[in-house]
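S.K.: One structure coming up, written as C-alpha cells, with questions to follow.
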Amino acid sequence: MQYRPEEIEPKWQKAWADAEVARVDVANPGGEKFYMLNMFPYPSGDLHVGHGRNYILGDALYRFFRMQGRAALNPMGWDAFGLPAENAAIKKGIHPRESTLRNIENMKRQFGRWGILYDWSKEIASCHEGYYKWNQWLFIKLWERGLAYRGKAPVNWCPNDQTVLANEQVIDGRCERCNALVEQRDLEQWFLKITDYADRLDAGLDSLEHWPEKVKLMQRNWIGRSLGADVEFQCPTLGKAIRIFTTRPDTIYGATFMVLAPEHPDVAALIADNPQRAEIETWIDSVRNQTNLERQEAGKEGRFTGRTAINPFTNQEIPIWLGNFVLMQYGTGAIMAVPGHDERDHEFAKQYGLPIERVVDGGDLPYVDKENGVAVNSPIIDGLKFADALPKIIEEIERRGIGKGMVRYRLRDWLISRQRYWGTPIPMVYCDTCGIVPVAEDQLPVRLPLDVKFTGKRGNPLAQHEEFVNATCPKCGGAARRETDTMDTFVDSSWYFARYISARDDEKIFDTELVNKWLPVDQYIGGIEHAILHLLYARFICRTLFDMGLVNFEEPFTRLFNQGVITKEGYKNADGAWVALTDVEHRDGVPYEKGTSNQLTAEVGKMSKSRFNVVPPDELIARYGADTERVYTLFIAPPEKEAAWSDEGVIGAYRFLGRVWHLAPAVSAPHPQPLSPQSGARGDVIVTRKMHQTIHAVTQRMERFEFNTAISSLMELSNAIGESPAGAREAYIALLQMLHPFAPHITEELWQMLGEPGFILTSKWPVADPALMQEDVVTIAVQVNGKLRGQVDVANPPQKDDAIAAAKSNENVRKWIEGKEIVKEIYVPSKLVNIVVK
RNA sequence: GCGAAAGUGGCGGAAUUGGCAGACGCGCUGGUCUUAGGAGCCAGUGGCCCAAAGCCAUGUGGGUUCGAGUCCCACCUUUCGCACCA
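Written out as C-alpha cells, the structure is:
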C-alpha cells in the first residue's frame, strides 16, 4: 500500500479539530500545568517554510509534553495592528481591517495544514475591540501612576512611514520596517516611563536562568547601567555650577577641560557675549539637525564657549567647550574631559590643542589598565587602584557637597505614539479648561472608526475624522478634542500572554487568580529579533502589573528559546536587484536570468519575499506532505542555529517516512524468530534492546531541544526494525509514538491501522527499562601509547582484568607491545584500554 | 574599537564528564528492478594506498595529558550584537 500523505493528513487534521484535542479548561486543567507560547505573529498573510520552524518546533514540543502528561496550554493570537496593513490600504484601497482578517484566516488554514494544534478557543487579535479596550485601560492605569506622559523631545521620525519610532525600532539610523533614513525632530509625543524600571529590569536578568545568555547580554547592554558620580563644576562668569556625570571620578585630577552637548540648556548663556556667537549658533543648528550616525561620520567637532569652569579638585580654571560627540540624552549632557586617560577626550584635545595631564599610571597614553593602574599625585586617592579609588573619591565628593555617587542608564523612555490609523487609539482628550484628561473607564473602548479615507497624504486619517476628534471632556463636560495618535503595536504585545487566560472577559483585563496560576509562561519560543524590543517591553509591563497587584510575578517568561532562521539562496543581478526564481535558469550550473546572457550571483540569506527565496508550504505539502516538511525542518540542524534549506535534502525525510510506512505490514506478521548471523543473538532481542536505548536517548534529546539528533535516533531504530521486523511490534509502536511529535499524521494513521485505541497523541510516552538497554557484549577499543591498534569484544559488564587480558591477546596489539616494557595500563570501563609501553 | 558565539568530509551536521572522529541524512559511485527513471531497493563513500598493514586528518601554531574536536595560551577567519553612553 502506498504512503499517500495527501489522503492521510486532512483526515487527521479534521479529527483533531472535531475532538477539540487542544482545548484546555483554564479553571480546571487536569494534569501538570504547562504553559507554552509561540510569539504573537503579525498576520502578514502568507506563511512559508522559514516561519515553519518556529511553529513546527513549538507543536512538536507541545505534543511531546502532552504525551508525557505535562503540556496543557498552547494558545495562538494575532498582533493584528500595524503599518503594513495601512500601507496596503493606501496602495490597494483595501481596508486594513478587511485585509487583516483575511490574512488571519489564511494563516490559520496554513497552521492547520502543518498539523499544528492550538487552542483556538482562546484566540485573540489585538485589532478586536475586546482586546484593545484593555490596552486602553492599561494605558490609563499607567497614566494614573505617572508612568505615561506627554512630552517634547527630539525623536526619530521616519519620513517614509510618516510616523515617529521608538529608539528600539531604529537600526543603524534606519527604520526597522522600511529601511528609510530616520530624521531627528523635536515633537510632542506620548512616552511610557520605562526608565523608572531600569534598575529592576537590569537586576531581574540575573534571575532568568533559562534564557539564552545572548539575549540577556543584549538587554543588559541596551539598559546600559553604569556606576559613577555626578559632580558640579562651578562656572564663576555664569554664576552657577554645571553638573557632569562620570564613571571615572578617580581621574578628576586630570580633567583639563569640559565639554557640553550643543543642545545643553546653559549654552545660550555661555555664548551670550562671545564675539563668535553667530558662527557658533550656526554650527549648533547644523549639529542639531544631524542624526547620531551623521555626527559620528563627521568626526569630532567642537567650539570654545569663551568661558571657564573650576575643577573642584585641582582648583584650576578649565575651558568650557561644546562638542558634537557629547549627547544631551545621556547623563547630564556635559562631561569633564580627561584627555590623559580617555581615548575620545584625547582625540578631541589633540585636535584643538588642549592640555593633557596624566594622573594614573598603567598603560600607554591615553589607555589605563583599570585593574592594575594606580592614581599618582592625586591627594585623596594617591597610589590606589580603581576599585579602591572609586568609593574613596565619591565619598570625598559627597563630603564636599559638590556631587554624589550615581547610577545612570542608557535606556530612554519608550515612545509609544504613532501618527497612524491602524492601531489602538490613545484614550485621552484635550480640554481647554482641564488640560489632558483620560477617558472614563466606563466609556472604554475608544473605538477606532472604520469609515476613514486612506489618501496617503500627510497626516493621520484619524485627525480628519471629525466625529472621532470631537469629544466632550470627561471632567467638565465641555467641548474637547480627542487624541488622534495611536499606540505602538509593541504595547499590544507587551501583555497579551496574560489575556489568553481570560480571552473573552468583558469585565476585566484578566482574572488575576487564574493568571497567577498559569503564568509565568513556562516555555516561550521565538526569534532573536525580539531580544530588546518585545521581550524588554513585556518585562517592563509585567512589572507595572506586579506593582498594581494584578499579577504576583515580575518576570513573564521563565524559559526562552530562540530558534534560528532558515536560509536559502536568492539570486541577484548585476545591479544588485533580487531576481524572481521563475526568471532564473541554470546553464552548466551557472545561474542566468532566463533567456538572456545576464549572469546572476547566488547569495544565501534569510527567507523573505523581497529576496524571492521563500519556499511556499502549499507546494511542498502537495508533493511530500506536511509530515515530511516537519521532519525535515527539525532534522536539518540544531534548532537554535541558522539552517540552510535544501530542496534535495527534503527527500531524505520523505524516504524515512515511507520506510516507516512500509514496515507496518511486516511487523504485524507472525514469524518464527530468526537468529542474527553476526552475534548469534535473536533479531527480536536486538530490536528490543535498540528500542529501550532509543527511548532513553530520544526522551533526553527532546528535553534538551536536540530534535535533529532525536530524529536520527528514530531513523536508526527504524533501520533496526527493518533488519528484523518479525516480532518487532512493540518496538514499532514505540517508534510511532516517539515519531508522533514530528510526523503527527502518518503516526496517527499507522496507530489506527495497528488497531491501537484512541489518538496516538493522547497515548502515553514510552518509558525505557535500563536493564533491557544493556548489551551482552561490549566492544572495547585498544590503544598502545594512545594510538588505536585494535578492538576486542568482552562480555558485558566487563571486568577490568578480563578486558586488559583480551586486549593483550589481540594479534595486532601484540605486534605493538612485543619486546617492550609495559609502563602503565589504563582502563576506561566499557570503553577503552590503553597500554603504555617504552 | 568593545562584547559574544562559532570554525569537523563535497554539503547539513554527530561525538554525555577528556576515551574508537565523521552517527543520521543529502550528494556522489556501483549494482538491482523497470518500456522508462529525476521513483524504490541493495552496497560503497574523509585523504594517501589496488588491498591489508600503516600514515595523515576536527581553522593555524604551541602547551597540559597515557590519551585532546573537547582543557590552557597565542594567532587567523566568519557570524552576530553594541558602537562617540562620558
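Heads up, the first sequence is in the working numbering, so the first residue is 95 and it goes up one at a time.
Heads up, the beta-carbon is just placed ideally off N, CA and C, and yes, glycines get one too.
(1) On the DSSP bridge list, what partners appear for residue 618?
(2) Which of the three DSSP states is assigned to residue 544 in this structure?
(3) Please report how far the alpha carbon of residue 769 lies from the alpha carbon of residue 166, in whole angstroms.
(4) Quick check on the DSSP output: the beta strand (DSSP E) that includes residue 885 runs from which residue to which?
(5) Return helix, strand or coil for residue 477, following the three-state DSSP convention.
(6) I need the boundaries of the beta strand (DSSP E) containing residue 628, first residue and last residue.
(7) Hey, how far is the Cα of residue 923 from the Cα of residue 894?
(8) If you draw a straight line from the alpha carbon of residue 772 to that of residue 628, how long is it in whole angstroms?
(9) DSSP puts residue 320 in a beta bridge; with which residues?
(10) Whole angstroms are fine: how far does the CA of residue 790 sit from the CA of residue 235?
(11) Quick one: what does DSSP say residue 411 is sitting in, helix, strand or coil?
(12) Jot down the residue ranges of each uninterrupted alpha helix (DSSP H) in the region 772-833, minimum 4 residues, whole runs only, in chain order.
(13) Can you tell me whether DSSP reads residue 282 as helix, strand or coil?
(14) Which residues in the same chain as residue 460 place their Cβ atom closer than 7 Å to its Cβ, once the five residues preceding and following it in sequence are excluded?
(15) Is the beta carbon of residue 520 less than 8 Å from the beta carbon of residue 580?
(16) List the residues that DSSP assigns as beta-bridge partners of residue 172.
(17) Please say whether residue 130 and residue 156 have beta carbons closer to each other than 8 Å?
(18) Residue 455 bridges to which residues according to DSSP?
(19) Given residue 98, which residues of its chain have a CB within under 8 Å of its CB, disregarding the five upstream and five downstream residues?
(20) Go ahead and pull the three-state DSSP assignment for residue 925.
(21) Return yes when the C-beta of residue 339 is under 7 Å from any heavy atom of the ligand ZN, and no when it is not.
(22) At what residues does the beta strand (DSSP E) containing residue 351 begin and finish?
(23) Compare the C-alpha of residue 341 against each of 843, 424, 715 and name the closest.
(24) Pairs of beta-carbons, one from the region 836-851 and one from the region 870-886, closer than 8 Å: are there three or more?
(25) DSSP state of residue 189, grouped into three classes?
(26) Would you check if the distance between the CB atom of residue 659 and the CB atom of residue 187 is smaller than 8 Å?
(27) What is the C-beta distance between residue 747 and residue 722, in whole angstroms, given that I count them as a contact (C-beta under 8 Å)?
(28) For residue 360, is the classification buried or exposed, using 16 other Cβ atoms within 10 angstroms of its Cβ as the cut-off for buried?
(29) CB-CB under 8 Å to residue 632, same chain, minus the five flanking residues each way: which ones, in chain order?
(30) Going by beta-carbon coordinates alone, are residue 638 and residue 229 separated by less than 8 Å?
(31) Could you pull the DSSP bridge partners for residue 329 from this structure?
(32) State the beta-bridge partners of residue 522 as determined by DSSP.
(33) Would you kindly work out how many angstroms separate the C-alpha atoms of residue 583 and residue 603, rounded to a whole number?
(34) Rounded to whole angstroms, what's the CA-CA distance from residue 351 to residue 264? Just pull it up for me.
(35) For the candidate residues 168, 154, 124, 139, whose alpha-carbon lies nearest to that of residue 116?
(36) Return helix, strand or coil for residue 159, following the three-state DSSP convention.
M.R.: Here's the rundown:
(1) As a first step, residue 618 must be located in the first sequence, where it is residue number 524. Its beta-bridge partners are 131, 654.
(2) The count along the first sequence starts at 1 and reaches residue 544 at position 450. If DSSP states are grouped into helix, strand and coil, residue 544 belongs with coil.
(3) Locating residue 769 in the first sequence gives position 675, counting from the first residue. Locating residue 166 in the first sequence gives position 72, counting from the first residue. Note that residue 769 scores a pLDDT of 49, beneath 50, so its modelled location is shaky; the value from the coordinates is reported in the next line. Each residue's alpha carbon lies about 45 Å from the other.
(4) Along the first sequence, read from residue 1 onward, the residue named residue 885 stands at position 791. Run containing residue 885: 881-889, per the beta strand (DSSP E) assignment.
(5) Counting from 1 along the first sequence, the entry for residue 477 is found at position 383. Reduced to three states, the DSSP call for residue 477 is coil.
(6) One-based indexing of the first sequence puts residue 628 at position 534. Run containing residue 628: none in the beta strand (DSSP E); it sits in the alpha helix (DSSP H), 628-641.
(7) Taking the first residue of the first sequence as position 1, residue 923 is located at position 829. Taking the first residue of the first sequence as position 1, residue 894 is located at position 800. Between residue 923 and residue 894, the C-alpha separation is close to 7 Å.
(8) If you number the first sequence from 1, residue 772 lands on position 678. If you number the first sequence from 1, residue 628 lands on position 534. With a pLDDT of 46 at residue 772, under the threshold of 50, the modelled position of this residue cannot be trusted; read the value that follows with caution. When rounded, the distance between both Cα atoms is 58 Å.
(9) Locating residue 320 in the first sequence gives position 226, counting from the first residue. Looking at the DSSP assignment, residue 320 forms a beta bridge with 502.
(10) For the purposes of this step, residue 235 is taken as the residue at position 141 of the first sequence. For the purposes of this step, residue 790 is taken as the residue at position 696 of the first sequence. Approximately 51 Å between the Cα atoms of the pair.
(11) On the first sequence, residue 411 is found 317 positions in, with the first residue counted as 1. Here residue 411 sits in strand by DSSP.
(12) 777-797, 801-817, 823-833
(13) Position 188 of the first sequence, counting from 1, holds the residue named residue 282. Residue 282 falls in the strand class under three-state DSSP.
(14) The residue labelled residue 460 in the question sits at position 366 within the first sequence. Closer than 7 Å at Cβ, skipping near neighbours: 433, 434, 435, 436, 437, 440.
(15) Residue 520 sits at position 426 when you count from the first residue of the first sequence. Residue 580 sits at position 486 when you count from the first residue of the first sequence. If you check the CB distance, residue 520 and residue 580 come in under 8 Å.
(16) The count along the first sequence starts at 1 and reaches residue 172 at position 78. Beta-bridge pairing links residue 172 to 219.
(17) Position 62 of the first sequence, counted from the first residue, corresponds to residue 156. Position 36 of the first sequence, counted from the first residue, corresponds to residue 130. The answer is yes: Cβ separation under 8 Å.
(18) Looking up residue 455 in the first sequence gives position 361. For residue 455, which the question treats as bridged, DSSP gives the partners 468.
(19) Residue numbering aside, residue 98 sits at position 4 when the first sequence is read from its first letter. The answer is none, since no qualifying residue turns up.
(20) By one-based count along the first sequence, residue 925 stands at place 831. In the structure shown, residue 925 sits in coil (DSSP, three-state: anything other than H, G, I, E or B).
(21) No copy of the ligand ZN occurs in the structure displayed, which carries no ligand at all.
(22) Along the first sequence, read from residue 1 onward, the residue named residue 351 stands at position 257. Run containing residue 351: 351-354, per the beta strand (DSSP E) assignment.
(23) Taking the first residue of the first sequence as 1, we reach residue 341 at position 247. Residue 341 has its Cα closest to that of 424, out of 843, 424, 715.
(24) no
(25) Counted from its first residue, the first sequence places residue 189 at position 95. Coil, per DSSP.
(26) Position 565 of the first sequence, counted from the start, is the residue given in the question as residue 659. Position 93 of the first sequence, counted from the start, is the residue given in the question as residue 187. Not a contact, by the Cβ cut-off of 8 Å.
(27) Looking up residue 747 in the first sequence gives position 653. Looking up residue 722 in the first sequence gives position 628. With a Cβ gap of about 5 Å, residue 747 and residue 722 count as contacting.
(28) Taking the first sequence and counting its residues from 1, one reaches residue 360 at position 266. That one is buried.
(29) The residue given as residue 632 occupies position 538 in the first sequence. Hits under 8 Å: 587, 588, 589, 591, 650, 651.
(30) Taking the first residue of the first sequence as 1, we reach residue 638 at position 544. Taking the first residue of the first sequence as 1, we reach residue 229 at position 135. No; because the gap between Cβ atoms is not below 8 Å, this pair is not in contact.
(31) Locating residue 329 in the first sequence gives position 235, counting from the first residue. DSSP lists 334 as partners of residue 329.
(32) Counting from one through the first sequence, the residue named residue 522 turns up at place 428. 532.
(33) For the purposes of this step, residue 583 is identified with residue 489 of the first sequence, where counting begins at 1. For the purposes of this step, residue 603 is identified with residue 509 of the first sequence, where counting begins at 1. Going by the C-alpha atoms only, they are around 17 Å apart.
(34) For the purposes of this step, residue 351 is identified with residue 257 of the first sequence, where counting begins at 1. For the purposes of this step, residue 264 is identified with residue 170 of the first sequence, where counting begins at 1. So the two alpha carbons sit approximately 33 Å from each other.
(35) Sequence index remark: in the first sequence, residue 116 carries index 22 (1-based). Closest by alpha carbon: 168.
(36) Locating residue 159 in the first sequence gives position 65, where the first residue counts as 1. If DSSP states are grouped into helix, strand and coil, residue 159 belongs with the helices.
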